[in-house]
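K.L.:
Could you have a look at this structure, given as structure tokens, before my questions?
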Amino acid sequence: MSNTLIDSDAVDAVEPLEGDRDARVGSSFGQFAARKVGGAVVSMVMVVLLGFFAFRILPGDPVRTMTRGRVMSAEQLAAMKHQLGLDKSVLQQFWIYLKDLPQGKLGTSYVYKRPVSDLIMDHLGPTLLLTSIAAFVAIVLGLWVGQKAAWARGSWFDRTHTATALILWSVPTFWLGLILLLVFAGWLQILPPGGYDSGDGSTGLAHVLDVAQHLVLPVITMVAVTYAQYLLVMRASLIEEMDAPYLVTARAKGLREDLVRRRHAVPNALLPTVTLVFLHLGGLIAGAVTTETVFSWPGLGWLTYSALDGPDLPLLQGTFVVFSAIVILMNLIADLIYRFLDPRVRAL
Amino acid sequence: MAQVWREFRRSRSGVAGLVILLVVVALALLAPVIAPDRLLDVTQLLDNPINHPPTWQFPLGTDPSGRSVLVVLLWGARVSLLVGVVATVISMVIGTTVGMAAGHFGGWTGAALMRVIDFFLVLPSLVLAIVLASVLSRSVWTVILAIGITSWAGTARVVRSQTLTVDARPYIERAWALGAGHGHVIRKHVLPAVMPLVMANTTLTVGSAIIAEATLSFLGLGDTSKQSWGTMLKLALDSGAATGGFWWFILPPGVAIVIVVLAFTLVGRAFEAVINPSLRER
Chain A
1 MSNTLIDSDA
11 VDAVEPLEGD
21 RDARVGSSFG
31 QFAARKVGGA
41 VVSMVMVVLL
51 GFFAFRILPG
61 DPVRTMTRGR
71 VMSAEQLAAM
81 KHQLGLDKSV
91 LQQFWIYLKD
101 LPQGKLGTSY
111 VYKRPVSDLI
121 MDHLGPTLLL
131 TSIAAFVAIV
141 LGLWVGQKAA
151 WARGSWFDRT
161 HTATALILWS
171 VPTFWLGLIL
181 LLVFAGWLQI
191 LPPGGYDSGD
201 GSTGLAHVLD
211 VAQHLVLPVI
221 TMVAVTYAQY
231 LLVMRASLIE
241 EMDAPYLVTA
251 RAKGLREDLV
261 RRRHAVPNAL
271 LPTVTLVFLH
281 LGGLIAGAVT
291 TETVFSWPGL
301 GWLTYSALDG
311 PDLPLLQGTF
321 VVFSAIVILM
331 NLIADLIYRF
341 LDPRVRAL
Chain B
1001 MAQVWREFRR
1011 SRSGVAGLVI
1021 LLVVVALALL
1031 APVIAPDRLL
1041 DVTQLLDNPI
1051 NHPPTWQFPL
1061 GTDPSGRSVL
1071 VVLLWGARVS
1081 LLVGVVATVI
1091 SMVIGTTVGM
1101 AAGHFGGWTG
1111 AALMRVIDFF
1121 LVLPSLVLAI
1131 VLASVLSRSV
1141 WTVILAIGIT
1151 SWAGTARVVR
1161 SQTLTVDARP
1171 YIERAWALGA
1181 GHGHVIRKHV
1191 LPAVMPLVMA
1201 NTTLTVGSAI
1211 IAEATLSFLG
1221 LGDTSKQSWG
1231 TMLKLALDSG
1241 AATGGFWWFI
1251 LPPGVAIVIV
1261 VLAFTLVGRA
1271 FEAVINPSLR
1281 ER
């Protein structure tokens, strides 16, 4: 049964690449790249449109929501509408939004009273720090365990690791975070419960160590829920390679089993995996929303969470556009890298 | 149908998942009988200790307002399961319709629909769901809608490729030759052919919809007056249960989510293996 589970995952996982096969045949890299870039641009335009209209067309009056529970006179409401630019027609607002976007202007936050782009720049750093470390650890761990598990398919090592991965996959990210918080910050009190640093004004190495200490729990949380998919993909694609004739040749040459795996099977199995790693990176950034909320890590995810209370619509709109842009870019890179890496595809 | 069941029964983990689900659904339906809703009314529970560890009277302890965690957990199952199932139905209907249309109609329509599917596939669905849930009023239906609207792309993609293979088969050509229109071909031939696939996908999607509900509720986008496993965890975060060491308030909702999601996954996989024998062979 567990094999069924894993192998069908691989089918799902590799499918996006297969889907392109008919389109790939007989087109040069230039044409291929142009089509992919074109697709990404279309997606980006759709994000920009959705980012604007989702916040305008949907029912609900932002001013009413913001002033929920407060007594406001009609004049005050009108003044607030004017200040936020909500008294203009939707088309006028859309024009202003389009004009500002290329200059990197995303409006002004209702709550912070600062330009949204500044806020996003301020919080981008911590998110990149957290997600890049988590991604690195998850990829290394997932790929390493995945190839070990595939090579010893059906063994005790394989079964425990794939079962663990599957269970961790069913775990909501934020709950795992809460559990870690409970154990390490609540009971053992060996790690800080949240935040970016202790705010004790330390500098240099002391500060780096301080931040690193605050990073431990968020990184473990993100790694635990994401390494599973790398593991499963790596395991599945290595299993695909295991019956390949070139491995028989390698063994016939008298290579040690270890070398057959490391030099011959793994590099080939890495091809589809690398693409998927990039495809998932975007998802990882979205997964940062809950992790950062639990650990009060001052990144983009936490910023999004803080914008929900108002709701701070311009800020939400800004984070939505930026998150989506990052994800679309990652996907584009994944598409191009695959084409570049796989010589069989390049030759076509 | 009988044959499907016979095949399904052969998968031990699939049956185990199904049994777990039946028990959970029964408990959720019987919640008003097992634990009358006055046990949730905070004004009647002033005598109860707050944040109390498990005792005989409160097997899973009490929460910050003195309610028994076990009672809240039971009631939470109702909302969590309801949201998971209804959101999945919405997602399946959109996914199947768009997927069949994208596969069946070639040319501009198909290409444009494919672009839309790709767009929703790429977009981080949690972020989009957050946007939708924050703009609309806070209610269970908002959460259902937000999850349904953002989670259909995977289904649409699978349905589309299945539609393409079905459309190329000779019996469809025969139907055309006999004068069938688009409506007839889609309803009588394509839909029955993609249905098993959609059903298997459904059970798998319910699991992720339940996690999505928990996540949205945890971020405070759900209806705070209704108990769900997500709002329980939201309350746990807000009341500092983690740093306070109130494990009895954090563990149960999460464990419940993991068990239910895992059960749905096991059933879905087993069902998938029944309709797609090639998966079973390996």
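Same order as they appear, the protein sequences are chains A and B. Position 118 of the first sequence, counted from 1, bears residue number 118 in the numbering used here, the numbering being contiguous throughout. Counting from 1 along the second sequence, just add 1000 to a position and that's the residue number in the numbering used here. By construction, the Cβ of each residue, glycine as well, lies at the ideal position given by its N, Cα and C atoms.
Classify B:Asp1118: buried if its beta carbon has 16 or more other beta carbons within 10 angstroms, exposed otherwise.
P.N.:
Buried, since its Cβ has 16 or more Cβ neighbours within 10 Å.
K.L.:
Can you give the Cα-Cα distance for B:Leu1219 and A:Thr290, rounded to whole angstroms?
P.N.:
Taking the straight line from one Cα to the other gives about 8 Å.
K.L.:
Between A:Leu98 and A:Pro314, how many whole angstroms is the CB-CB distance? I'm expecting something under 8 Å.
P.N.:
With 8 Å as the limit, A:Leu98 and A:Pro314 do not qualify as a contact, their Cβ atoms being about 15 Å apart.
K.L.:
Using the three-state DSSP reduction, which class does A:Ser170 fall into: helix, strand or coil?
P.N.:
If DSSP states are grouped into helix, strand and coil, A:Ser170 belongs with coil.
K.L.:
Quick one: give me the first and last residue of the alpha helix (DSSP H) that A:Trp95 is part of.
P.N.:
Its alpha helix (DSSP H) spans residues 90-100.
K.L.:
Under 9 Å Cβ-Cβ, which residues of chain B neighbour A:Ala236?
P.N.:
Chain B residues near A:Ala236: none, gap ~10 Å exceeds 9 Å.
K.L.:
What is the rounded straight-line gap between the Cα of B:Gly1106 and the Cα of B:Leu1204?
P.N.:
If I take the Cα positions, the gap works out to 29 Å.
K.L.:
Taking 9 Å as the threshold (beta carbon to beta carbon), is B:Asp1167 in contact with chain A?
P.N.:
B:Asp1167 does not count as touching chain A.
K.L.:
Starting from A:Gly146, follow the alpha helix (DSSP H) in both directions and report where the run begins and ends.
P.N.:
First-last of the alpha helix (DSSP H) with A:Gly146: 116-151.
K.L.:
Does A:Val25 have its Cβ less than 9 Å from a Cβ in chain B?
P.N.:
A caution first: A:Val25 carries a pLDDT of 49, below 50, which makes its placement in the model unreliable, though a value can still be read off. No, A:Val25 lies away from the interface with chain B (no Cβ there is under 9 Å from its Cβ).
K.L.:
Give the range of the alpha helix (DSSP H) segment to which A:Phe295 is assigned.
P.N.:
From DSSP, A:Phe295 is part of no alpha helix (DSSP H); its letter is neither H nor E.
K.L.:
From the DSSP output, in three-state form, read off B:Ser1208 for me.
P.N.:
Note: B:Ser1208 maps to helix in three-state DSSP.
K.L.:
So what's A:Asp9 in DSSP terms, helix, strand or just coil?
P.N.:
Only weak support is given to the placement of A:Asp9: the predicted model assigns it a pLDDT of 36, under 50, and the value that follows is read from those uncertain coordinates. Reduced to three states, the DSSP call for A:Asp9 is helix.
K.L.:
Can you name the start and end residues of the alpha helix (DSSP H) that B:Arg1012 belongs to?
P.N.:
Run containing B:Arg1012: 1012-1034, per the alpha helix (DSSP H) assignment.
K.L.:
By the 10 Å Cβ neighbour count, where 16 or more other Cβ atoms means buried, how is B:Ala1111 classified, buried or exposed?
P.N.:
B:Ala1111 should be labelled exposed.
K.L.:
Return helix, strand or coil for B:Ser1142, following the three-state DSSP convention.
P.N.:
The question names Ser, yet the displayed sequence has Thr at residue 1142 of chain B. Looking at B:Thr1142 - three-state DSSP - the assignment turns out to be helix.
K.L.:
Using a 10 Å radius around the Cβ and a threshold of 16 neighbouring Cβ atoms, would you call B:Glu1173 buried or exposed?
P.N.:
Classification for B:Glu1173: exposed.
K.L.:
Are the CB atoms of B:Ser1137 and B:Ala1087 within a distance shorter than 9 Å?
P.N.:
Not closer than 9 Å, so no.
K.L.:
Going by beta-carbon coordinates alone, are B:Arg1034 and B:Leu1074 separated by less than 9 Å?
P.N.:
Residue 1034 of chain B is actually Ile in this sequence, not Arg. Their beta carbons are under 9 Å apart, which means B:Ile1034 touches B:Leu1074 by this criterion.
K.L.:
Provide the residue span of the alpha helix (DSSP H) that contains A:Pro245, from first to last.
P.N.:
Start and end: 245-252.
K.L.:
Hey, A:Ala244 and A:Ala265: beta-carbon distance below 9 Å or not?
P.N.:
Yes, Cβ-Cβ distance for A:Ala244 and A:Ala265 is below 9 Å.
K.L.:
Excluding the five sequence neighbours on either side, which residues of its own chain have a C-beta within less than 7 Å of the C-beta of B:Leu1018, listed in chain order?
P.N.:
So the qualifying residues of the chain are Val1267.
K.L.:
Return no unless some Cβ of chain B is closer than 9 Å to the Cβ of A:Ala244.
P.N.:
Answer no: the Cβ-Cβ gap between A:Ala244 and chain B never drops below 9 Å.
K.L.:
How is the alpha helix (DSSP H) around A:Thr239 delimited, first residue to last?
P.N.:
The amino acid occupying residue 239 of chain A in the given sequence is Ile; Thr does not appear at that position. Note, A:Ile239: alpha helix (DSSP H), 204-241.
K.L.:
With a cut-off of 8 Å, do at least 3 Cβ pairs link the stretch 329-342 of chain A to the stretch 135-144 of chain A?
P.N.:
No, because fewer than three Cβ pairs between the stretch 329-342 of chain A and the stretch 135-144 of chain A fall closer than 8 Å, the two stretches do not touch.
K.L.:
Let me check understanding here. Comparing Cα to Cα, which of B:Leu1070, B:Phe1120, B:Asp1238 lies closest to A:Ala40?
P.N.:
Nearest of B:Leu1070, B:Phe1120, B:Asp1238 to A:Ala40, Cα basis: B:Phe1120.
K.L.:
For B:Met1100, which residues in the same chain have their Cβ closer than 8 Å to its Cβ, ignoring the five residues on either side in sequence?
P.N.:
Hits under 8 Å: Val1159, Arg1160, Thr1163, Ile1186, Val1190, Leu1191, Val1194.
K.L.:
How long is the line joining the alpha carbons of B:Ile1090 and B:Gly1148, rounded to whole angstroms?
P.N.:
Spanning the two alpha carbons is a distance of roughly 5 Å.
K.L.:
Suppose you measure from the CA of A:Leu271 to the CA of A:Val42; what does that come to, to the nearest Å?
P.N.:
Those two C-alpha atoms are separated by around 27 Å.
K.L.:
Between A:Thr249, A:Ala236, A:Gly318, which has its C-alpha nearest A:Ala152's C-alpha?
P.N.:
Considering only alpha carbons, the answer is A:Ala236.
K.L.:
For A:Gly186, which residues in chain B fall below 7 Å Cβ to Cβ?
P.N.:
Correct list: Ala1242, Thr1243, Gly1244, Gly1245.
K.L.:
For B:Ala1236, count the other beta carbons within 10 Å of its own beta carbon; 16 or more makes it buried, fewer makes it exposed. Which is it?
P.N.:
So B:Ala1236 ends up on the buried side.
K.L.:
Classify B:Thr1055 as helix, strand or coil using the three-state DSSP reduction.
P.N.:
B:Thr1055 falls in the coil class under three-state DSSP.
K.L.:
Is the Cβ-Cβ distance between A:Gly299 and A:Thr173 less than 9 Å?
P.N.:
No.
K.L.:
Quick one: Cα of A:Val225 to Cα of B:Glu1007, how far?
P.N.:
C-alpha separation (whole angstroms): 32 Å.
K.L.:
If we define contact as Cβ-Cβ less than 9 Å, is A:Leu173 a contact residue for chain B?
P.N.:
According to the sequence as given, residue 173 of chain A is Thr; it is not Leu. Judged by the 9 Å Cβ criterion, A:Thr173 is in contact with chain B.
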